[in-house]
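Chemist:
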Amino acid sequence: MATPDHLNLSTFIKSVHSNLKENSKYLGFEKAWMQHCQNEQILKKYAHAMKELATNHWQNNFRKCLKASSRVDWVYKYCMDYFFHETYNELRHQRERELEISRKIEIIIKPTYLLPSKCLKLLDVGSCYNPFAVYDIFDVIAIDIAPGHPNVLKMDFLNVEINRNSTNSPITDSLPCEFFDVIVFSLFLEYLPTPDLRVHCCEKALKLLKYEGLLFIITPDSKHVGANAQIIKSWQFVLAKIGFSRVKYEKLPHIHCMAYRKSLDPKITKRWSDLNGKKQVYDKMHIPQDFLIKENSEHEVVEQDHQNNFEEVNHSLELPFANINFIEDI
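Position 256, counted from 1, in the sequence shown is what the UniProt record's numbering calls 256; the numbers after and before it change by one each time, with no gaps.
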């Protein structure tokens, strides 16, 4: 069972996400986001709450239930398989598959293959406390608008510039183009109130990744594996249109874990999206909360689901970090 402190922390985090979404409706996202980033008191409290939940409550629960898998460990293990596995190298397999497709559709692939490296450059967006620093295979740059650790840079990924003329380490307002082997969006996209902003961040990640690099997306979901399958599948189509192919997916307790590969040529992934496009439900990166409407009265707030494809959507279950007493580790 969750402790009172545990529940208070998760309730506060949920309220921050909800308030940002509501303010964006009335003020417009740019103004709401600017006000949000300037609210140092809320950001510091948010960073503290996230760090407490991740390092104390979630990790303690994980030790009690070893059947659950850590989101951080999931990323590490797939990176090992993709980049370093000696007998079945996933990187080599995906490269051969794309080259075969390129020959079929008569695309000439330039030699932009990812070169072997013992240490992968990883960008952790919305990092809070830099959890990937414990792994030797990663050279981590961790960023957050509300850092919860001295090794996390304060940086707004939405507004950061991409520097196309340098491969140096980042400064506070820019990141180098095609510099990273791995980018992680762990519980990050849910922070953003609109589907277009989520796609915008993925497009930015595409520019920052080396060809054949990986974008990991971890998103919360307390329901069973098929409940929101249409949303997760739609993400695959949307990201294929811009140059990402999904190479790994797994539903863990209360989270979806996905790995997307930056294709050698976006025409390869777009071809797949065009061939299978009729099967998708949405053409945007929706999350379940997008289909919930708040009705305000003097005495209560009622949340309603107006999306027939998602029956019995429970807002308190779907919001990030809510219903935390059931979460083993995310």
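Even glycine gets a Cβ: it sits at the ideal position worked out from N, Cα and C. Every value quoted in this text rests on a predicted model; they were computed, and no experiment measured them.
Would you mind reading off the limits of the beta strand (DSSP E) that contains residue 107?
Modeler: First-last for residue 107: undefined, no H or E at that position.
Chemist: Can you tell me the Cα-Cα spacing of residue 193 and residue 17, whole angstroms?
Modeler: 8 Å
Chemist: Counting C-beta neighbours from all protein chains within 10 Å, is the total for residue 257 16 or more, i.e. buried, or is it exposed?
Modeler: buried
Chemist: Got a sec? Which residues, its chain only, sit under 6 Å from residue 346 by beta carbon, not counting five neighbours each side?
Modeler: Limits of the chain in this structure are 1 at one end and 330 at the other, which puts residue 346 out of reach.
Chemist: Determine the DSSP secondary structure at residue 186, reduced to helix, strand or coil.
Modeler: Residue state, collapsed to three classes: strand.
Chemist: Going by beta carbon distance, what residues of the same chain come within less than 6 Å of residue 36, once the five residues before and after it are set aside?
Modeler: Take residue 36, set aside five residues on each side of it, and the residues of its chain with a beta-carbon closer than 6 Å to its own are 20, in chain order.
Chemist: Count the other CB atoms, across all protein chains shown, that sit within 10 Å of the CB of residue 6; report buried if there are 16 or more and exposed otherwise.
Modeler: buried
Chemist: Taking the straight line between their C-alpha atoms, what separation do you get for residue 32 and residue 161?
Modeler: 20 Å
Chemist: With DSSP run on the structure shown, which of helix, strand or coil describes residue 142?
Modeler: strand
Chemist: Whose CA, out of 128, 227, 243, 191, lies closest to the CA of residue 208?
Modeler: 243
Chemist: Given that a residue counts as buried once 16 or more other Cβ atoms are within 10 Å of its Cβ, and exposed if not, what is residue 236?
Modeler: It counts as buried.
Chemist: Compute the Euclidean distance between the alpha carbons of residue 301 and residue 22, then round it to the nearest angstrom.
Modeler: Its pLDDT being 39, under 50, residue 301 is placed unreliably in this model, and the value from its coordinates should be taken loosely. The alpha-carbon separation between residue 301 and residue 22 amounts to approximately 13 Å.
Chemist: Take residue 53 and list the residues in its own chain whose beta-carbon comes closer than 6 Å to its own, dropping the five residues that flank it on each side.
Modeler: 9
Chemist: Can you grab the Cα-Cα spacing for the pair residue 204 / residue 222, in whole Å?
Modeler: 28 Å
Chemist: Tell me which residue opens and which closes the beta strand (DSSP E) that residue 254 is part of.
Modeler: Premise fails: residue 254 is in no beta strand (DSSP E) and is neither H nor E.
Chemist: Assign residue 108 to one of two classes, buried (16 or more other C-beta atoms within 10 Å of its C-beta) or exposed (fewer than that).
Modeler: exposed
Chemist: Whose C-alpha, out of 106, 92, 165, 288, is nearest the C-alpha of residue 231?
Modeler: Nearest of 106, 92, 165, 288 to residue 231, Cα basis: 288.
Chemist: Going by other Cβ atoms of all chains shown within 10 Å of its Cβ, with 16 needed for buried, is residue 13 buried or exposed?
Modeler: buried
Chemist: Cβ atoms of residue 211 and residue 248: under 9 Å apart, would you say?
Modeler: no
Chemist: Residue range of the alpha helix (DSSP H) that residue 165 falls in?
Modeler: Note, residue 165: premise wrong, no alpha helix (DSSP H); not H, not E.
Chemist: In terms of residue numbering, what span does the alpha helix (DSSP H) encompassing residue 178 cover?
Modeler: Neither: residue 178 is in no alpha helix (DSSP H) and is coded neither H nor E.
Chemist: Applying the criterion that 16 or more other CB atoms from any shown protein chain within 10 Å of the CB defines a buried residue, is residue 269 buried or exposed?
Modeler: buried
Chemist: Going by beta carbon distance, what residues of the same chain come within less than 6 Å of residue 259, once the five residues before and after it are set aside?
Modeler: 78, 214, 216, 247, 248
Chemist: Which residue marks the beginning of the alpha helix (DSSP H) containing residue 157, and which one marks its end?
Modeler: From DSSP, residue 157 is part of no alpha helix (DSSP H); its letter is neither H nor E.
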